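Residue numbers 1 to 404, in full-length UniProt numbering, belong to the letters of the sequence shown in order.
By construction, the Cβ of each residue, glycine as well, lies at the ideal position given by its N, Cα and C atoms.
Only a predicted model underlies this, so the values are computations on that prediction, with no experimental measurement involved.
First the structure, in the form of structure tokens, and then the observations on it.
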Amino acid sequence: MITGVGVVAPSGIGADAHWKCVLAGQNRIGRITLFDPDRYPSRLAGEVADFDALHYTESRQLVQTDRWTHLGFAAARLALADAGLPELAADPYEYGVTLASSSGGNLFGQRELQRLWRGPARTVGAYQSIAWFYAASVGQLSIRHQFKGPCGVLAAESAGGLDSLAHAVRMIRRGTPVVLAGGTECPLSPYALTCQMRGGLLSTCPEPALAYRPFDVAASGYVPGEGGAVFVVEDLAHARARGVRGYAEVAGWGASHDARHTDRLTSGDPVQYARAMRLALDRAGVAPAEVDVVFPDALGVLRYDRAEAEALRGVFGVRPPPVTTQKPLVGRAHQGGSALDVATALLAIRHGVLPPTAGVDRPAPGCELDFVWESGPRRVDVALVGARGFDGFNSAVVVRRGPA
């Protein structure tokens, strides 16, 4: 069961703030402020506004870590509080951490490398070797909370945010009753932006409301974003013993791979993506007709969006269930974005409301899906979240309303 949700995203800090933002369809994309983007063709991003890391951890930990890890500190504390669990466990070996990662601590790394090449000392700080490392957040969170159970990191770009939940379930089945899962991201430094530009998938539209348009005739690429979500995944018996009901059950998961690199010509393999979704449904014991809503990857590049629509039709037939995405409001935060989609799905199950689709005005040919145009009350028992990672990763997770 997922018993705690911690959201730190452009949509807000905390699950309630995020939920209000997506229900209202408030666009939180704006000009990049973490550095001067004037020299770059892509100047927009989804940033976490008014984030003060000192509210969530100590200053000595902040100087050792990157903003990506700071966001993780905050999301983990929020998730533990939401689950009603202490920040320091009575038995630390009952707690594990498995998060996803993509670009690592690139803001920290860029600062140190610039100091190396520009400064007279020609040195980097002592924490460079651990702050940029893709497993830094997992290590720092386990140290911060003294969680001494199994720990791991998943590196599959956006798909990793879902893979971490599958890995958390495996850890629980092997005897660790509580696991932190999900992920945060901050791909917003000059170096990180340049890497994303090289892929040819970034939007260069200067208008925040028009820059990220998945499945739409005006789609021009994605807008980067930061933040994400961390979850407390807990053994059902452990949760019941504490008198906690939780949000939903991690009912099924599936993963596949295209066996092909992402480039300016590829569009993703809809057959392999559909295979990941079918695996998730089969493991959950859920028929396609029982799915109440789908949260797609929604890259915002038409050839990828058409391939995703084809994959959905391959799984659900010509009439897929309602489809909704909120990435155009906050940007694509890689593994943090797919984790944020899971948070939105959990809140839809809890509140019985489907949030409206953002960024889609006129579906492009081949992208005609049953989009949620307006939010409204609806019982949601089963949600499927899909994600594709650059260089061929595909993942899907089914979350289902848990037992009373």
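Worksheet item: Relative to the C-alpha of residue 295, which residue among 327, 98 and 310 is closest?
Response: 327
Worksheet item: Rounded C-beta distance between residue 206 and residue 176? I'm assuming under 8 angstroms.
Response: So it is not a contact: roughly 48 angstroms between Cβ atoms.
Worksheet item: Beta-carbon separation of residue 18 and residue 24 under 7 angstroms?
Response: no
Discussion item. In this structure, how does DSSP classify residue 203 when only helix, strand and coil are distinguished?
Written reply: coil
Discussion item. Going by beta-carbon coordinates alone, are residue 262 and residue 393 separated by less than 7 angstroms?
Written reply: no
Worksheet item: Does the separation of the CB atoms of residue 300 and residue 376 fall below 7 angstroms?
Response: no
Discussion item. When you compare the CB positions of residue 383 and residue 372, do they come within less than 7 angstroms of one another, or not?
Written reply: no
Item to complete: Would you mind sorting residue 32 into buried or exposed? The rule is 16 or more other CB atoms within 10 Å of its CB.
Response: buried
Worksheet item: Pick from 320, 21 and 171: whose alpha carbon is nearest that of residue 98?
Response: 171
Worksheet item: Can the beta-carbon of residue 250 be found closer than 7 angstroms to that of residue 169?
Response: yes
Worksheet item: The beta strand (DSSP E) spanning residue 273 covers which residue range?
Response: Where residue 273 is concerned, there is no enclosing beta strand (DSSP E), although the alpha helix (DSSP H) it sits in stretches over 270–284.
Practice prompt. In the DSSP assignment, find the unbroken beta strand (DSSP E) run with residue 100 in it and report its ends.
Written response: 95–100
Fill in: Three-pair Cβ contact test at 8 angstroms for the stretch 32–52 versus the stretch 185–201
yes
Worksheet item: Does the distance from the CB of residue 284 to the CB of residue 233 come in under 7 angstroms?
Response: no
Worksheet item: Assuming residue 1 contacts residue 402 under a Cβ cut-off of 8 angstroms, what Cβ separation, rounded to an integer in Å, is found between them?
Response: 5 angstroms
Practice prompt. With DSSP as the reference, label residue 27 as helix, strand or coil.
Written response: coil
Practice prompt. Can you give me the start and stop residues for the alpha helix (DSSP H) that residue 261 sits inside?
Written response: Here residue 261 belongs to no alpha helix (DSSP H), and DSSP marks it neither H nor E.
Fill in: Neighbourhood of residue 317 by C-beta distance below 8 angstroms, restricted to the same chain and skipping five residues each side
288
Worksheet entry | Span separating the alpha-carbon of residue 93 from that of residue 146 | 9 angstroms
Worksheet item: What does a CB cutoff of less than 6 angstroms around residue 53 pick up in its chain, not counting 5 residues either side in sequence?
Response: 62 and 70
Discussion item. In whole angstroms, give me the CA-to-CA distance for residue 292 and residue 185.
Written reply: 29 angstroms
Worksheet item: Taking the alpha carbon of residue 46 as the point to measure from, which residue in 363, 193, 162 and 247 has its own alpha carbon closest?
Response: 193
Worksheet item: For the beta strand (DSSP E) that contains residue 367, what are its first and last residues?
Response: Segment: none, residue 367 is in no beta strand (DSSP E) and carries neither H nor E.
Item to complete: Keeping to the same chain, check which residues put their C-beta closer than 6 angstroms to that of residue 21; ignore five residues upstream and five downstream.
Response: 11 and 12
Discussion item. Taking the alpha-carbon of residue 230 as reference, which of 305, 121 and 138 has the nearest alpha-carbon?
Written reply: 138
Worksheet entry | Endpoints, the beta strand (DSSP E) within which residue 151 is located | 151–154
Fill in: Where residue 57 sits in the DSSP three-state scheme
coil
Fill in: CB contact flag (residue 158, residue 338, <7 angstroms)
yes
Practice prompt. Specify the secondary structure class of residue 179 as computed by DSSP and reduced to three states.
Written response: strand
Worksheet item: Once you ignore the five residues that flank residue 268 on each side, which residues in its own chain have a CB closer than 6 angstroms to its CB?
Response: 304, 307 and 388
Worksheet item: Whole-angstrom Cβ separation of residue 161 and residue 228, contact assumed at under 8 angstroms?
Response: 7 angstroms
Practice prompt. Can you say whether residue 395 is buried or exposed, counting buried as having 16 or more other CB atoms within 10 angstroms of its CB?
Written response: buried
Worksheet item: Hey, residue 3 and residue 74: beta-carbon distance below 7 angstroms or not?
Response: no
Item to complete: Compute every distance between the C-beta of residue 137 and the non-hydrogen atoms of the ligand FMN, then say whether any falls below 6 angstroms.
Response: Only the bare structure without any ligand can be found here, which leaves the ligand FMN out of the picture.
Worksheet entry | Distance, residue 225 Cα to residue 329 Cα | 10 angstroms
Practice prompt. Could you name the residues of the same chain whose beta carbon sits closer than 8 angstroms to that of residue 108, not counting the 5 residues immediately before and after it, in chain order?
Written response: 65, 66, 67, 127, 128, 131 and 132
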